[in-house]
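Scroll down for the structure; my scribbles are underneath it.
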Amino acid sequence: MQIGTWHCQSGNIRITDPCYDRNSSYNLLIDNIITGIWNAKITYELYDFFFTNDKYTEKISSLLTWHYDYDVFSSKDWQKYSYGIITNTAQVGVFDDMYYPINDTGTYYKNTFYRKCCNNATSKNKFGLVAYNNKYFGVNTAIEFGNGIFPIYIHKNKQNKINGIMINFTKPIVENLINIINNTHKKINKKV
576 MQIGTWHCQS
586 GNIRITDPCY
596 DRNSSYNLLI
606 DNIITGIWNA
616 KITYELYDFF
626 FTNDKYTEKI
636 SSLLTWHYDY
646 DVFSSKDWQK
656 YSYGIITNTA
666 QVGVFDDMYY
676 PINDTGTYYK
686 NTFYRKCCNN
696 ATSKNKFGLV
706 AYNNKYFGVN
716 TAIEFGNGIF
726 PIYIHKNKQN
736 KINGIMINFT
746 KPIVENLINI
756 INNTHKKINK
766 KV
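First residue of the sequence shown? That's 576 in our numbering, and the numbers climb one at a time after it.
In structure tokens:
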């Protein structure tokens, strides 16, 4: 589902849970970004969870954002970024670093940057664009799977500048669950 467009003026993007201030070690600052207008999109997948009454539940599976002038989806040149993003409030955003709050991101109970992001994440759609002085400078979404460490993928143009970013919310759920089950099973077998 298309979210809309936002602007990156600085060439630096901050990927973070919006509860973190810019000095937190839990957010990522990525440079070498193409400036200009960026598209944003959410993808969904159906999941069959054993703990719900629904046969299948549609969940947001990824947040994608890419420079307006590029077709990053016809390319298979996506690379896994060397770091994942750690979340604490079950939401994540991609923001032009120039407009990310310098001090505290604010609280939920006041008209702050953080409150605007929470309003997006708790809206009917569970995502939205974030504005500063009536200009969109980023996008954020709820993570319906909860908190965790989520992989980031990047796409680069021929000049080696980043023109696409994707955050996957589903892969660590499956991988972590399988690893936990396998490790628990190995520990139990070793004790017997």
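Where a beta carbon is used, it is the ideal one built from N, C-alpha and C, also for glycine.
Residues bridged to residue i by DSSP?
i, result
"Met741", "Leu639 and Tyr728"
"Asp644", "Answer by DSSP bridge pairing: none, since Asp644 is not bridged."
"Ile661", "Ile724"
"Lys634", "Glu620"
Between the Cα of residue i and the Cα atoms of the options, which residue gives the shortest distance?
i, options, result
"Gly721", "Lys731, Met673 and Asn663", "Asn663"
"Gln584", "Lys701, Lys710, Ile660 and Asn602", "Lys710"
"Gln666", "Gly579, His730, Asn598 and Thr697", "Thr697"
"Lys736", "Trp641, Arg690, Thr682 and Phe725", "Trp641"
"Tyr601", "Tyr675, Ile740 and Tyr658", "Tyr658"
"Asn708", "Tyr675, Ile742 and Arg597", "Tyr675"
"Thr745", "Leu621, Tyr683, Thr687 and Asn695", "Leu621"
"Ile729", "Ser637, Arg597, Met673 and Asn695", "Ser637"
"Ile718", "Gly586, Thr580, Met576 and Asp592", "Asp592"
"Asn732", "Leu603, Phe712, Ser649 and Lys685", "Ser649"
What whole-angstrom Cβ distance do residue i and residue j have, given they're in contact under 8 Å?
i, j, result
"Ile588", "Val669", "6 Å"
"Ile635", "Lys701", "6 Å"
"Glu633", "Tyr619", "5 Å"
With a Cβ-Cβ cutoff of 9 Å, do residue i and residue j count as a contact?
i, j, result
"Ile617", "Thr716", "yes"
"Asn738", "Val647", "yes"
"Lys651", "Ile727", "no"
"Val714", "Ile605", "no"
"Val705", "Phe725", "no"
"Tyr595", "Thr680", "yes"
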